[in-house]
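Worksheet: the structure to be examined is printed underneath.
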Amino acid sequence: MEIFKYLEQYDYEQVVFCQDKQSGLKAIIAIHDTTLGPALGGTRMWTYESEEAAIIDALRLAKGMTYKNAAAGLNLGGGKTVIIGDPRKDKNEEMFRAFGRYIQGLNGRYITAEDVGTTVADMDLIHEETDYVTGISPAFGSSGNPSPVTAYGVYRGMKAAAKAAFGSDSLEGKVIAVQGVGNVAYNLCRHLHEEGAQLIVTDINKEAVQRAVEEFGARAVDPNEIYGVECDIYAPCALGATVNDDTIPQLKAKVIAGAANNQLKDTRHGDIIHEMGIIYAPDYVINAGGVINVADELYGYNHDRAMKKVETIYTNIEKVIEISKRDGIPTYLAADRMAEERIERMRNSRSQFLQNGHHILSRR
Ligand SMILES: NC(=O)C1=CN([C@@H]2O[C@H](COP(=O)(O)OP(=O)(O)OC[C@H]3O[C@@H](n4cnc5c(N)ncnc54)[C@H](O)[C@@H]3O)[C@@H](O)[C@H]2O)C=CC1
Ligand SMILES: CC(C)CC(=O)C(=O)O
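In our numbering, the protein residues as written are 214 to 577.
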């Protein structure tokens, strides 16, 4: 991989490789863009097949956060971290304390939170070393685990997409195929079950599947069967790039609406499903509930204020679908244009008089 060629192509600001021999920490912090403010994005811990796969995941996720935060109207840039390792057996206190010191060393350019494989407890350990972390225990005045709020936002966005596809935002009786029933999708399945949807679930973690079957009456299928099941909505809630050349021909769903980041393997896959008439709820628009929730911590966390902003995900999805239909472009492109327009507006309006908020004569 020619790293600087990739960084230049997508205009990344900074990539930091973090190593701590004692704890086994091997982390990659990718900061894509800080035009709108400090980069905020979660920390993912996963067993990557190679270091290059980990680097690519960090870079793709970080760019996604720039677009997510911009489209959500937040004054935040995009960044993300991946920690190479098995979250079930490689974690230790020193690892997250060491990682917290690396974040502190970035002096607020990057703020972290949870993602796949990390928990509130992990964030609390990071918080021992730095304040640039969100989603920590509510005891600290924080917003806590963002996953349930992400799930609620996905639920609301899914309803908006269903309205465009089926003429009603009711999910009662709709067959919804949920891929990955972890932190977010477990909470999403509860909302869907309560509304009377019929759930088909899969996960590589059998306990997660069993929990959904027992609690929500879901039907379980093997991981590779989820793409071909007869359903109305496919909800990718695991890892990324599941909408690709191999899976698209199998899809029966009329709507793709899920929590996963980077669902499209390539943008051309967004073009293909658009041509097929599938309504795609852009991933970083529909799954922004978590970041909206933790971002409220920057103003002194207020749950009601945060949830009011999370509710806008419904209208944001409606807006993206409307632009898509009006301009005859795929929904992913409509969302990208919305995000890019806001970033450019702010980039051009940034005062040259105040550099990073400081007067040029400030010497104290
Ligand atoms: N946690 C949050 O608030 C947010 C999460 N997201 C994204 O949503 C997705 C899920 O996140 P979480 O629920 O927090 O993670 P999680 O780790 O709790 O859940 C992911 C689930 O997917 C399963 N999985 C992994 N590979 C799979 C495969 N090939 N087939 C089926 N299942 C598979 C895992 O076993 C796990 O149960 C991720 O892509 C994450 O980046 C996006 C926005 C916010
Ligand atoms: C609060 C975090 C879950 C934000 C994030 O990393 C995401 O939305 O993917």
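All C-beta atoms in this analysis are idealised placements derived from N, C-alpha and C, irrespective of residue type, glycine included.
- Query: Mind checking threonine 415: buried by the 16 CB within 10 Å criterion, or exposed?
  - Reply: buried
Identify every residue that forms a DSSP beta bridge with cysteine 444. Paired residues: none, contrary to the question.
| Going by beta carbon distance, what residues of the same chain come within less than 8 Å of alanine 466, once the five residues before and after it are set aside? | The beta carbon of alanine 466 lies closer than 8 Å to those of Ala390, Cys444, Asp445, Ile446, Tyr447 and Ile491 in the same chain, with the five residues before and after it left out.
Taking its Cβ as the centre, do 16 or more other Cβ atoms sit within 10 Å of alanine 352, making it buried, or is it exposed? exposed
* Does any heavy atom of ligand 2 sit closer than 7 Å to the C-beta of valine 426? -> no
Worksheet entry | Buried or exposed (CB count within 10 angstroms, at least 16 for buried), tyrosine 512 | By the neighbour-count rule (16 or more Cβ atoms within 10 Å), tyrosine 512 is not buried but exposed.
### Span of the alpha helix (DSSP H), counted from its first residue to its last, around methionine 336
333 to 340
Determine, using beta carbons only, whether proline 436 and glycine 471 come nearer to each other than 8 Å.
Cβ distance not < 8 Å, so proline 436 and glycine 471 don't count as in contact.
Query raised in the report: Got a sec? Which residues, its chain only, sit under 6 Å from glutamine 423 by beta carbon, not counting five neighbours each side?
Result: none
### Task
Would you kindly work out how many angstroms separate the C-alpha atoms of alanine 275 and phenylalanine 429, rounded to a whole number?
So the alpha carbons of these two residues sit roughly 34 Å apart.
Item to complete: Taking 8 Å as the cut-off, decide whether the C-beta atoms of glutamine 463 and tyrosine 493 are in contact.
Response: no
Completely contained beta strand (DSSP E) runs for the stretch 399 to 447, where each covers 3 or more residues
411 to 415
Checklist line | Segment contact, 8 Å Cβ cut-off, at least three pairs: the stretch 284 to 302 with the stretch 254 to 261 | finding: yes
So what does isoleucine 242 bridge to, in DSSP terms? Isoleucine 242 is bridged to Val229 and Thr294.
Inset, instruction - Could you spell out where the alpha helix (DSSP H) holding threonine 347 opens and where it closes? - result: Taken as a continuous stretch (DSSP letters only), threonine 347 belongs to no alpha helix (DSSP H), as it is neither H nor E.
Exercise. What does a CB cutoff of less than 8 Å around glycine 313 pick up in its chain, not counting 5 residues either side in sequence?
Worked result: Its chain contains Leu338, Ile339, His340, Glu341, Glu342, Thr343 and Val346 as the residues whose beta carbon lies nearer than 8 Å to that of glycine 313, once the 5 sequence neighbours on both sides are disregarded; these appear in chain order.
Discussion item. Could you tell me the alpha carbon to alpha carbon distance between glycine 541 and cysteine 231, rounded to whole angstroms?
Written reply: 44 Å
### Message
Residues in the same chain with beta-carbon distance under 8 Å from serine 356, minus the five sequence neighbours each way, listed in chain order, please.
### Response
Cβ within range, chain order: Thr347, Gly348, Val362, Asn506, Val507, Asp509, Glu510, Tyr514, His516 and Ala519.
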